[in-house]
Amino acid sequence: MLLRWMRRKVSMALLLIMALAVAACGGSGGAGGEGGANSGDGDTASAQAPSAGQVKTETKSAGDGEDEGTLTVYLNDFDEIIAEMFKEATGYDVELVTGNGAEIMSRIQAEKGNPHWDVVWIDAMPSIHGLALDGQLLEGWTPENAANLKESFRRHVPENGAYYPTGAHAAGLIVYNKNALNPEQAPQSWDDFADPSFKGEIGMADPAIAAPAFPFVAWFFEERGMDGGKAYFETLFANGLRVYPKNPNVVTALSSGEVKAAVLQESNAYQMRENGEPIEIIWPEEGAPASVRVAAIQKDTKNPNAAKAFVEFLLSPETQQALIDQGEEAYFEPSVEGAQPKPDRNPDAKLVAADAAWAAAHEAEIKQWFADKAVQ
Amino acid sequence: MKLQLDQSLGWSVSAILAVLVLFPLAAVIIQILLPGVFFGELRLGDFRLLLELFHRPLWLKSLVNSVLLALGTTLLGTLLGGILATVRSAWRFPTAGMLDAAVWALLITPSFILAQGWVMFAAPNGFAVRMFGWEWVPSAVFQPAGLIVIMALSKFPLAYLSVRAAMEWQVGQLADAARLCGASPFAAWRSIQAPLLLPSYLAGAALVFMDTVGDFGLPASIAAVYRFPTLPYSIYTAIYTSPIRFDMAGVLSFYLVLLITLAMLLQFYAMRRARFDFLTARAVPAVPKPAGKFGWVAAVFNVGFLLVALGVPLGGNLLMSVLKTQGSGLHPDNFTLHHYASLFAERSELVNGLWRSLAISASAAVAGLVIGLLVAYVLMYSAFRFKCWIEVLSIVTLAVPGVVLGIGYIFVWNQKWLEPLGLLLYGKPAILALAAIAGAIPIIVRIIVGAMAKVPRSLLDAAQLSGDSFIRRMRRILAPLVRGALVSAALSAFGAGVFDLAVNTILFPPGFMTLPVTINKAFENLKFGYASAATIFGGGTVVAIILLVELMFRRKRKG
Numbered sequence: 001m002l003l004r005w006m007r008r009k010v011s012m013a014l015l016l017i018m019a020l021a022v023a024a025c026g027g028s029g030g031a032g033g034e035g036g037a038n039s040g041d042g043d044t045a046s047a048q049a050p051s052a053g054q055v056k057t058e059t060k061s062a063g064d065g066e067d068e069g070t071l072t073v074y075l076n077d078f079d080e081i082i083a084e085m086f087k088e089a090t091g092y093d094v095e096l097v098t099g100n101g102a103e104i105m106s107r108i109q110a111e112k113g114n115p116h117w118d119v120v121w122i123d124a125m126p127s128i129h130g131l132a133l134d135g136q137l138l139e140g141w142t143p144e145n146a147a148n149l150k151e152s153f154r155r156h157v158p159e160n161g162a163y164y165p166t167g168a169h170a171a172g173l174i175v176y177n178k179n180a181l182n183p184e185q186a187p188q189s190w191d192d193f194a195d196p197s198f199k200g201e202i203g204m205a206d207p208a209i210a211a212p213a214f215p216f217v218a219w220f221f222e223e224r225g226m227d228g229g230k231a232y233f234e235t236l237f238a239n240g241l242r243v244y245p246k247n248p249n250v251v252t253a254l255s256s257g258e259v260k261a262a263v264l265q266e267s268n269a270y271q272m273r274e275n276g277e278p279i280e281i282i283w284p285e286e287g288a289p290a291s292v293r294v295a296a297i298q299k300d301t302k303n304p305n306a307a308k309a310f311v312e313f314l315l316s317p318e319t320q321q322a323l324i325d326q327g328e329e330a331y332f333e334p335s336v337e338g339a340q341p342k343p344d345r346n347p348d349a350k351l352v353a354a355d356a357a358w359a360a361a362h363e364a365e366i367k368q369w370f371a372d373k374a375v376q
Numbered sequence: 377m378k379l380q381l382d383q384s385l386g387w388s389v390s391a392i393l394a395v396l397v398l399f400p401l402a403a404v405i406i407q408i409l410l411p412g413v414f415f416g417e418l419r420l421g422d423f424r425l426l427l428e429l430f431h432r433p434l435w436l437k438s439l440v441n442s443v444l445l446a447l448g449t450t451l452l453g454t455l456l457g458g459i460l461a462t463v464r465s466a467w468r469f470p471t472a473g474m475l476d477a478a479v480w481a482l483l484i485t486p487s488f489i490l491a492q493g494w495v496m497f498a499a500p501n502g503f504a505v506r507m508f509g510w511e512w513v514p515s516a517v518f519q520p521a522g523l524i525v526i527m528a529l530s531k532f533p534l535a536y537l538s539v540r541a542a543m544e545w546q547v548g549q550l551a552d553a554a555r556l557c558g559a560s561p562f563a564a565w566r567s568i569q570a571p572l573l574l575p576s577y578l579a580g581a582a583l584v585f586m587d588t589v590g591d592f593g594l595p596a597s598i599a600a601v602y603r604f605p606t607l608p609y610s611i612y613t614a615i616y617t618s619p620i621r622f623d624m625a626g627v628l629s630f631y632l633v634l635l636i637t638l639a640m641l642l643q644f645y646a647m648r649r650a651r652f653d654f655l656t657a658r659a660v661p662a663v664p665k666p667a668g669k670f671g672w673v674a675a676v677f678n679v680g681f682l683l684v685a686l687g688v689p690l691g692g693n694l695l696m697s698v699l700k701t702q703g704s705g706l707h708p709d710n711f712t713l714h715h716y717a718s719l720f721a722e723r724s725e726l727v728n729g730l731w732r733s734l735a736i737s738a739s740a741a742v743a744g745l746v747i748g749l750l751v752a753y754v755l756m757y758s759a760f761r762f763k764c765w766i767e768v769l770s771i772v773t774l775a776v777p778g779v780v781l782g783i784g785y786i787f788v789w790n791q792k793w794l795e796p797l798g799l800l801l802y803g804k805p806a807i808l809a810l811a812a813i814a815g816a817i818p819i820i821v822r823i824i825v826g827a828m829a830k831v832p833r834s835l836l837d838a839a840q841l842s843g844d845s846f847i848r849r850m851r852r853i854l855a856p857l858v859r860g861a862l863v864s865a866a867l868s869a870f871g872a873g874v875f876d877l878a879v880n881t882i883l884f885p886p887g888f889m890t891l892p893v894t895i896n897k898a899f900e901n902l903k904f905g906y907a908s909a910a911t912i913f914g915g916g917t918v919v920a921i922i923l924l925v926e927l928m929f930r931r932k933r934k935g
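For the record, the sequence lines run as chains A and B. If you're matching positions, the first sequence starts at 1 in my numbering and goes up one per residue. If you're matching positions, the second sequence starts at 377 in my numbering and goes up one per residue.
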């Protein structure tokens, strides 16, 4: 009796195994056809030109049929307020998946065969640009509210309209501990970090692990050329630069005295000050490398109406103002006219950003160089 | 008949482990060969990646560091756990119960939180220097040897539980016989008790090794990563790049699995050389003897040890949870209970998250216990041919970083053809439970196997000859004999599951935040006070549940 039951169970389990194995090896039939045709395959610079796939996509998804389910948004900030705000403004429900930039990107990439997201909204423009090159984003749609975009943000919109910027903040600012350094001693520019007086006293987040650290590093490589960028960071390594996995670790190191000064993401820096930590924030004159937050719609979204409404919503001055007034990551420069940044944010804040296409094309190379260099 | 049962049991267990562990892992490793296989692209990968390990400075260094760290921690942690378990099982002394509670607490606390506590304590401006003036602490802690000591202090509970579970039954008569023949107490211990405990020591050591080799949080925070990168760190760098290199993660995971297999083979070899099943009908439950005059000595040592192993990391978090700001130090007006109050604020996801995490890990612990018992049975008593593979599969999830397993789960459970079968589990809470079971199996199996090693097959055979069914044999003979281990196994799996961060962050369904995700988010938003308060509250709840269940079972046994 038991034996027969066991045998039946075993054969069922075996069937399941075989089914799974077949699916895993057989190229997952249902998922075919996606992605394969229009992946840029290293030919990264050509991203700006609208691809042949664009027209096809347009006719397919812009038909604006009925939405099939609840809008799902993948994001890394503002999850505490955005769902309620959006529901109130448009009546659409929205489900959120929150994670840091790297987690969100790993999910999106691992789901590629069967995406669960409709909109992605994160401050990792180069990575989203990579998704666009890979043909995973809805192209050729222009939100009405894109007309609100400031001139400085228009240049971040790719020609195929695959994503739209909703704001930008510094990926790295100079922050120092007031108990360890006085204003005269404190570093004022990025090159000051190479000064021998800061040997072993500077901290930053690891571009290979922390999402915001890459746009920071990338700007140096674009601005100074690959060799110039390498030379700059080599001097920092020689000066005992301490690299921590993520920005929160840098914060702990800074307030516990492990380092006297650090490169910190803007919202972390202002949050530290708000928490009453004894730190001072410096905006370097040559500019702070920026992280641009962008929103993009998944190519085959089943909820095109809600997804488009969400992007429109993000590009309205009222929404961006509300994010600045009530959000947790409130320190950023809004992308549209009519919204004002936090009053205590430096009015002369100068943001400089690496070109998304350039940064996306060189991301792997720079990260690998950085990681390998640092262990030698 | 018996062989047939062995085979079908063996195959069922293999099937379960294949679904839970092998497929997800293989799905990641296969990225080396066929990078696009889950997205409908059939193209060959670059096999040379496998050899890159020996060329890329970061990877090679990671491998060496991981091996070094794991060996050091295993040695120290097993020694520590073994000694503590021996003393605890042999003598009764005041504060002994605290040791058990501390072991549970350490086991379930996620390593990034332990690390945070150590950093707060040992940083140049940390509690050690500011409160006690111990200027030597920072340089002693922030170096590879210091890291190994801290790892050992955090991972010893795995060895402790394994050894302690095995000492549940007393084999006084064997040692008595030795003493009657004139052996000194030490000789009796060395030649009888110690060798008999070998399997549980090895099981404990294997667990410590796996858990260390796969740990990302502690090494990353203690040794500023660039001076001590480990394999999990390099795996993260492969995944956290764009375009994401799943193939590189596959290569590094492959080497991790190789390391584990090597460790398992060593253990297998050691166990093959002897039999350890010594229980007979005359065995009695071990009862600790009063330590008498030395009781207070043991108590002082115990409290001192716990202050370091648990006091430092949790103390750091506890302080953090009641301080308004970290930098202002220990002034009376810097203390607040505000962070605890905010846990229950209106918009707080914390209480919901805690409930979800408790429910998921409780169901995972129960399911994992049943599976684990079957796996352990096959490993110990069956003549199943592919035992060695079952052994490896049953432990591998401990060492593979959760993020790798999580991505594997997405690959496997997010295939479109599963949808009509109702098996498209990615995006549903069920996938968290599945992953939690996979995560729980190593601990459960190791603990049960360690205890089962002493139960001779002849006891089960005797029952079978008298006509007992398989289920009855398990229920009436095996389960009572390894009961302590079963309870320990389920509880530790439950506790560890509640805080399993990596798997949770990559798999939680939309709108279904769990406790570790909430805590981690607070950490990333620099709400250290809130995060610490949530950790203390969540951890306290879990420890309370565990102690309650333990108490219930201990009571029942006495009654």
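C-beta atoms are modelled at their ideal positions from N, C-alpha and C, and glycine is treated no differently.
Residue i and residue j closer than 9 Å at C-beta
i, j, result
"PHE870 of chain B", "ALA721 of chain B", "no"
"ALA396 of chain A", "TYR163 of chain A", "Since the displayed chain A opens at 1 and closes at 376, residue 396 of chain A lies outside it and no answer follows."
"PRO777 of chain B", "PRO595 of chain B", "no"
"THR606 of chain B", "LEU445 of chain B", "yes"
"ALA491 of chain B", "GLY593 of chain B", "yes"
"SER868 of chain B", "LEU537 of chain B", "yes"
"GLY580 of chain B", "ALA535 of chain B", "yes"
"ALA379 of chain A", "HIS156 of chain A", "Lying outside 1 to 376, the shown extent of chain A, residue 379 of chain A is not represented and no answer is given."
"ALA213 of chain A", "VAL292 of chain A", "no"
"THR449 of chain B", "LYS531 of chain B", "yes"
"LEU683 of chain B", "VAL698 of chain B", "no"
"ILE823 of chain B", "ALA504 of chain B", "no"
"SER183 of chain A", "GLN298 of chain A", "It is Pro, not Ser, that sits at residue 183 of chain A in the sequence shown. For PRO183 of chain A and GLN298 of chain A, no; Cβs fall outside 9 Å."
"MET218 of chain A", "ALA359 of chain A", "Just to set this straight, residue 218 of chain A is Ala in the shown sequence, not Met. Against a cut-off of 9 Å, the Cβ pair of ALA359 of chain A and ALA218 of chain A comes out as a contact."
Own chain partners of residue i with C-beta closer than 7 Å, once the 5 adjacent residues on each side are dropped
i, result
"ALA775 of chain B", "MET586, VAL589, GLY590, LEU632 and ILE636"
"LYS150 of chain A", "SER335, VAL336 and GLU337"
"ALA194 of chain A", "THR235, LEU236 and ASN239"
"ALA910 of chain B", "LEU719, LEU726, THR894, ILE895 and ALA898"
Contact set for residue i: own chain, Cβ-Cβ below 6 Å, skip 5 residues either direction
i, result
"PHE929 of chain B", "VAL863"
"PHE374 of chain B", "Outside the displayed span of chain B (377 to 935) sits residue 374 of chain B, for which this structure offers no information."
"GLY30 of chain A", "Note that GLY30 of chain A has pLDDT 32, beneath the 50 cutoff, so the model's placement of it is unreliable and the number below is only indicative. No residues qualify anywhere along the chain."
"ASN275 of chain A", "none"
Residue i: first and last residue of the uninterrupted alpha helix (DSSP H) it sits in
i, result
"ASN880 of chain B", "877-883"
"TRP731 of chain B", "726-757"
"LEU835 of chain B", "833-841"
"TRP494 of chain B", "487-498"
Residue interval of the beta strand (DSSP E) (run including residue i)
i, result
"GLY203 of chain A", "202-205"
"TRP512 of chain B", "Note, TRP512 of chain B: premise wrong, no beta strand (DSSP E); not H, not E."
"GLY167 of chain A", "163-170"
Nearest-angstrom beta carbon gap, residue j and residue i [assumed within contact, 8 Å]
i, j, result
"ASN177 of chain A", "LYS260 of chain A", "6 Å"
"GLY287 of chain A", "LYS350 of chain A", "4 Å"
"VAL397 of chain B", "LEU769 of chain B", "5 Å"
"LEU71 of chain A", "ALA306 of chain A", "4 Å"
Close-in-space but distant-in-sequence residues of the same chain around residue i (CB under 8 Å, 5 per side omitted)
i, result
"ILE209 of chain A", "ALA102, PRO245 and LYS246"
Relative to chain A, which residues along the segment 493-504 of chain B have a C-beta separation below 8 Å, given in chain order? So the list reads VAL495, MET496, ALA499, PRO500, ASN501 and GLY502, given in the order they occur along the chain.
Taking a Cβ distance cut-off of 8 Å, strictly less, list which residues of the segment 763-793 of chain B are near chain A, in chain order. Answer in chain order: VAL779, ILE783, ILE786, PHE787, VAL788, ASN790, GLN791, LYS792 and TRP793.
Selection of the segment 80-91 of chain A by Cβ proximity to chain B, strictly under 8 Å: Of all residues in the segment 80-91 of chain A, GLU80 have a Cβ within less than 8 Å of some Cβ in chain B.
Can you list, in chain order, the residues of the segment 234-260 of chain A whose Cβ is nearer than 8 Å to any Cβ on chain B? Of all residues in the segment 234-260 of chain A, the ones placed with a Cβ closer than 8 Å to any Cβ belonging to chain B are ARG242, VAL243, TYR244, PRO245, LYS246, ASN247, PRO248, ASN249, VAL251, THR252, ALA253, SER255, SER256, GLY257 and GLU258, in chain order.
Can you list, in chain order, the residues of the segment 138-171 of chain A whose Cβ is nearer than 9 Å to any Cβ on chain B? Those would be none; no residue qualifies.
For the segment 118-129 of chain A, list every residue whose C-beta sits within 8 Å of some C-beta in chain B, in sequence order. Sequence-ordered contacts of the segment 118-129 of chain A with chain B read ALA124, PRO126 and SER127 [C-beta pairs closer than 8 Å].
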